[in-house]
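Structure first, commentary second.
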Amino acid sequence: MRKYLQDRFALSEQGARDLIKGGLYCAIADISLMVPLGLLVLVLDALLQPLIGVQTGQPPDIVLYTLLGLLVLGFMYVCHWLQYTSVYVSTYSESAACRITLAEKLRKLPLSYFGKKDLSDLTNTIMGDCADLEHAFSHAIPQFIGASISTVLVGIGLMAFDWRMGLALLWVMPVALVIIVGSKKLQESGLEKHYHAKRVCADGIQECLETVRDIKAYNREEFYLAGLDKKLDEAERAQIASELMSGIFVKSAEMVLKLGLATVVLVGSSMLIAGQTDLLVFLVFLIAASRIYDPLTGIMAYIAEIFHADVRINRMKEITNHPVQEGVEEYSTNGYDIVFDHVGFSYNEGETVLKDVSFTAKQGEVTALVGPSGSGKSTAAKLAARFWDAEQGKITLGGVDISTVDPEALLKNYAIVFQDVVLFHGTVMENIRLGRRDATDEEVMDAAKMAMCDEFVSCLPQGYQTVIGENGSTLSGGERQRISIARALLKDAPIVLLDEATASLDVDNETKIQAAISRLIKDKTVLVIAHRMRTVANADKIVVLENGCVAQQGGSDELLQQGGLYRHMVGLQQQSLEWSI
Amino acid sequence: MEIAGRHRILIVIACILSAIGAVLSLIPYVCIWFVIRDVFLAWPDLSAATGATRYGWLAVGFAALGVVLYFVALMCSHLAAFRVEKNMRKEAMRKIVTLPAGFFDQNTSGRMRKIIDDNAGITHTFLAHQVPDLAGAVVLPFAILALLFAFDWRLGIVSLIPLAVSVYYLNRMMGGDQSSIRKYMDALEEMNTEAVEYVRGIPVVKVFQQTVYSFKNFHQSILNYKEWVLDYAICCRSPMTKYTIALNGTFVLLIPAGLLLIAHAPDYQQFLLNFIFYILFAPVCALMMNKIMHMAEGYFVAIEAVRRVGEILDGEPLAEPRHPEHPKDNSVAFKDVSFTYPGSREKAVRNVSFAIPEGKTFALVGPSGGGKTTIASLIPRFWDVQEGSVEVGGVDVHLMASKDLMDQVAFVFQNTRLFKASILENIRFARPGADREDVLRAAELAQCTDILDKFSQGLDTVIGTDGVYLSGGEQQRIALARALLKDAPIVVLDEATAFTDPENEYQIQRAFETLTEHKTVLMIAHRLSSVRNVDCILVVQGGEVKEQGTHDDLLAQDGLYAEMWREYQRSVAWKVGKEGNDA
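Respectively, the protein sequence lines represent chains S and P.
All residue numbers for the first sequence refer to the numbering used here, where the first residue is 1 and numbers rise by one.
All residue numbers for the second sequence refer to the numbering used here, where the first residue is 1001 and numbers rise by one.
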């Protein structure tokens, strides 16, 4: 049982246990609410005696019944107290554990996972899912379990008492359930169309928001909005078709339960008159009817949550089950040559990016990757750092196959300067110190000076102790880039992966960034993703990629002599450089 | 909520029907009273109480009617809700389109879309589900009270006491409740912010092996949230339990009261009858209270969410002049213009003055963040200036109709997106009346021919569908074709658009040439070599125009520009590699 719940709801062991406990306590609490009925029946029985003509002489004892009443009240209180504690307290602990587990798992996911996704979207989904599930587990699901158990138990008891009245009482419950489940099915049939229309709508709104500048610039507001209106109308129609009935049915099921009492009255009074039952039984069922539907009604409010919980659980499972890159943590390399050996790679969608790429980036040398966009330059660089695993061939670092090494252990040897710089909400000093946790303040400032950061940092209000805004929003692109270079300098790793486009972000500071980069790459194994031919003319080796294959490789002069793609690109860029308007 | 507007009638019907339905659902209890009365009257010969069955049927009838009415009420409210939701989106988009274009630089499309979705979605839920129930919640208490006092006022009061007690505990829990809900949402939001920072930082911290460290902050925020929420829950435990018990505890008072009163009742039967009624009816009150509590919770949450969401749509739309004037020629002039971004304290543009005569080409150069892009954005009125005036054709842009201004000025900035439509449609967007040849010609002039050749359907290829992928540079060229087709006399251009990919760079530059022939041009330049031959260079730094003149003039002045030129020459000579130049 516990195992089943654990899997079904993606809970921890403790969580599954708590859920069972919670459900049981809910059942007990629900049943405890029926106990007063027993008391009332006793009282009524006593009160009815005179009517039936049986004179007992003694009126029922007030004190006795009052005391009994208080006892029952106390019992109810205790049950509910226990239920509350077991449900709420354990749920919140569980969801905290859940968030932490997710966070841990995210940490271990391969770097490639983050490249493709919109991060704030991802985070909001995760956090939102956790919060929604938290709510579902603290309200809906245990109550659902409890209500099922208690209703079944009480129902059986009543049926045993008098099956005809029992039927009159209980028939509405399966009907209500069927309505709810049926409505879900109804909704599902219209769902495809509905989703599609909603998607079209959302994309339409998104497109409008993204292109609004152009819409205004070309004075086409009316035209565009008319198109958008049509999409919205479509979506409304689809929504009505799919949601109207199902939404209404769910709510109506609540009302259907009210029919139960009425049928009991009808059946009971008929039976009473026909002499098939006596007044007390009739009253018992009436009283039962006034209470028995409560747990079920309570759940109706949460039914939507229970249905949607599945979607969320699946999303979370996707993350927890996502494969993680494995490898040894201790390894030793024979030098720092990076060798690509017949490497092939494609993204999930079947786009082959690299086909049979082979080259060597020698230790202490600068190797530049050039080629038209889409040729695979960045992919190759990222494969070298094990962002992904190559599908064919292998990549070795100093003779060691990198796919056997734990990614984080591997990265110890790499300093990476790419275009997206992530800064944290902390001081400049701390952000640079990310490069090496145990670096002293002096070492940090030295690295900063070498990366040409010093001049802009000293202009900040608190210098190195200035707190950078969220993701460094207060700094310009070039300033962020220089901090990234400072980090890399501080780390002083034997391998440097560099995206040369970084140098052209802040054109007025270009020379400074170039100087910083020159310092960074001295005496290291450097793999540069190059965009401008002129800047790589001094590289030790240039690897020209085209359509995922190595078209040419060698030194700049050698390649120019060969003719071909390299010379063509150099020529083209030369022209661009000299262009003026 | 006022937004219902035209569909108010549907909502009103829904409320009325739901209220009636709710009241009708109480009738069965009255029927029970009648049934039992008949039974008692006929006692002990029960077969004589045939009338009782009639009440049975009445009970079923009224209950069924109640269900039907509620059903219809829900239909009305749902229909209205769908319509309102749709209208809200339409309104929001219409509002958005009137906002100054600069607004969208400061607010991401993702965030705005989420806001629009949230706003519309929450209103929908509220209208569809909660409003009809609200009507019931208002009417039911009165109906219930009426019934409670109809039969025996003493028992009625006794039944009300637990209700009063439960209300008291409800208040204790909800006490100051807007603030607890706000605190809850704040704590949640803080955890989310930490989460976003954590997730965004993972790639970096993996590279720098910082993982345990960065995790601590997030970890702490999760634990904090848990503590807070547990505290809150435990805090509510006692009142919540007491509330539930109070609601369900009527019997504790009814039994002794009943026993007491029946001893002195003049009519034993009558009293017993009434007593039975109250026993059955009291739980209804409990249900009603519960419903109201849930609704209140939902209501507060909705209000809070809508409040958070309403702010963004309160932006100021661009003001249109009442009597628009028309530009006299194609010149552009800035007269002592100053501008500060909303929410900023520093001036982004300070006392800038220059004049571009018709047909001339001017360029803005200077450090990034210095104000070049801002100045250029003021011409097509992305923002309104605070001081001075921006003139096109001798007329202040404020005094021109937006339509006319947009017809006069074409602008090419970074981050252009194309529409999910055919290439033909995308280009024709500039001039709806243009025919195919015109579009083809514009595409050719914008160096797009190779793009059209790439796809089998050429101009009719639909962008954004499977397999149709245009690189950044290719998209830019299509956008240029659009601008070419528009053929506006004034062009504002950001050179950085050419930097998307090197292989596109040259082609885009040639497209620039065609675009700017015989036009009045203002170009934001990043590479000093490209503006060597313009009519006038404006050197912008710190929001001010520090120097003006031709390339040769400025070099001769040996000031800021001259220094920048030398710097530029040095950077161009740099190469990655062993003998990299030192700056």
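Backbone N, C-alpha and C fix where the C-beta goes; we use that ideal spot for every residue, glycine too.
DSSP assignment within the segment 54-95 of chain S yields the following whole alpha helix (DSSP H) runs of 4 residues or more, N-terminal first: 62-84.
In the same chain as F1419(P), and ignoring 5 residues on each side of it, the C-beta atoms closer than 6 angstroms to its own belong to N1426, in chain order. Rounded to the nearest whole angstrom, the CA to CA distance from A1410(P) to E479(S) is 32 angstroms.
Burial is judged here by how many other beta carbons sit within 10 angstroms of a residue's own beta carbon; M1(S) has fewer than 16 and is exposed. With a threshold of 7 angstroms between beta carbons, T440(S) makes no contact with chain P.
Those residues of the segment 1236-1263 of chain P placed with their C-beta closer than 9 angstroms to a C-beta in chain S are C1236, R1237, S1238, M1240, T1241, K1242, T1244, I1245, N1248, G1249, T1250, F1251, V1252, L1253, L1254, I1255, P1256, G1258, L1259, L1260, I1262 and A1263, ordered along the chain. In terms of Cβ geometry, V1060(P) and A226(S) do not form a close pair [threshold 7 angstroms].
Ranked by Cα distance from D1438(P), the first of R1482(P), I1463(P) and Q1414(P) is R1482(P). Of all residues in the segment 416-431 of chain S, those with a C-beta nearer than 7 angstroms to a C-beta of chain P are I416, V422, F424 and H425, reading in chain order. Under the 10 Å beta carbon count, P1283(P) is surrounded by 16 or more other beta carbons and is classified as buried. For E1517(P), there is no enclosing alpha helix (DSSP H), as DSSP gives it neither H nor E. Scanning the segment 1376-1446 of chain P for uninterrupted alpha helix (DSSP H) segments of 4 residues or longer gives 1402-1408, 1423-1428 and 1436-1445, listed from N- to C-terminal end. Under the DSSP assignment, G1542(P) falls outside any alpha helix (DSSP H); it carries neither an H nor an E label.
For Y92(S), a Cβ of chain P is located within less than 7 angstroms of the residue's own Cβ.
When DSSP reads this structure, F1362(P) sits in a beta bridge with L1522(P) and C1536(P). Chain S has no Cβ within less than 7 angstroms of the Cβ of H1007(P). Around the beta carbon of S1166(P), 16 or more other beta carbons lie within 10 angstroms, which makes this residue buried. Distance from the CA of T1374(P) to the CA of E1320(P), rounded to the nearest whole angstrom, comes to 21 angstroms.
Residue pairing by DSSP places C26(S) in no beta bridge whatsoever. For F1071(P), the closest alpha carbon among the candidates P372(S), S150(S) and L244(S) is that of L244(S). By the C-beta density criterion, E188(S) is exposed, having fewer than 16 other C-beta atoms within 10 angstroms.
Here the alpha carbon of N1415(P) sits roughly 38 angstroms from the alpha carbon of L133(S). Taking C-beta atoms as the reference points, Y331(S) and T525(S) fail to come closer than 7 angstroms. CA-CA distance, Y1299(P) to H194(S), rounds to 27 angstroms. Contact between the segment 1229-1242 of chain P and the segment 7-14 of chain S is absent: fewer than 3 CB-CB pairs across the two stretches fall below 8 angstroms. Within chain S, no residue has its CB atom less than 7 angstroms from the CB of S1389(P), the nearest being about 21 angstroms off.
For P1028(P), the residues of chain S that pass the 8 angstroms Cβ criterion are K258, L261, A262 and V265, in the order they occur in the chain. Non-local C-beta neighbours of V570(S) in its own chain, meaning closer than 6 angstroms and more than five positions away in sequence, comprise M533, ordered along the chain.
Counting the other CB atoms within 10 Å of its CB gives C459(S) a total below 16, which places it among the exposed residues. When rounded, the separation of the alpha-carbon atoms in R1200(P) and V422(S) is 7 angstroms. If you compare the alpha carbons of S269(S), S32(S) and D233(S) with that of M165(S), the shortest gap goes to S269(S). By the criterion of a C-beta distance shorter than 6 angstroms, Y1055(P) is surrounded in its chain by C1031, F1034 and V1035, once the five residues flanking it on both sides are discounted. Under a criterion of Cβ atoms nearer than 9 angstroms, no residue of chain P is adjacent to C459(S); the nearest Cβ is some 13 angstroms distant.
In this model, T440(S) and I495(S) are separated by some 22 angstroms (Cα to Cα). Taking each of R1172(P), D1105(P), V1204(P) and M1564(P) in turn and checking the Cα distance to L1528(P), the smallest one comes out for M1564(P).
Around the beta carbon of N1171(P), a 10 Å sphere encloses fewer than 16 other beta carbons of the protein chains shown; the residue is thus reported as exposed.
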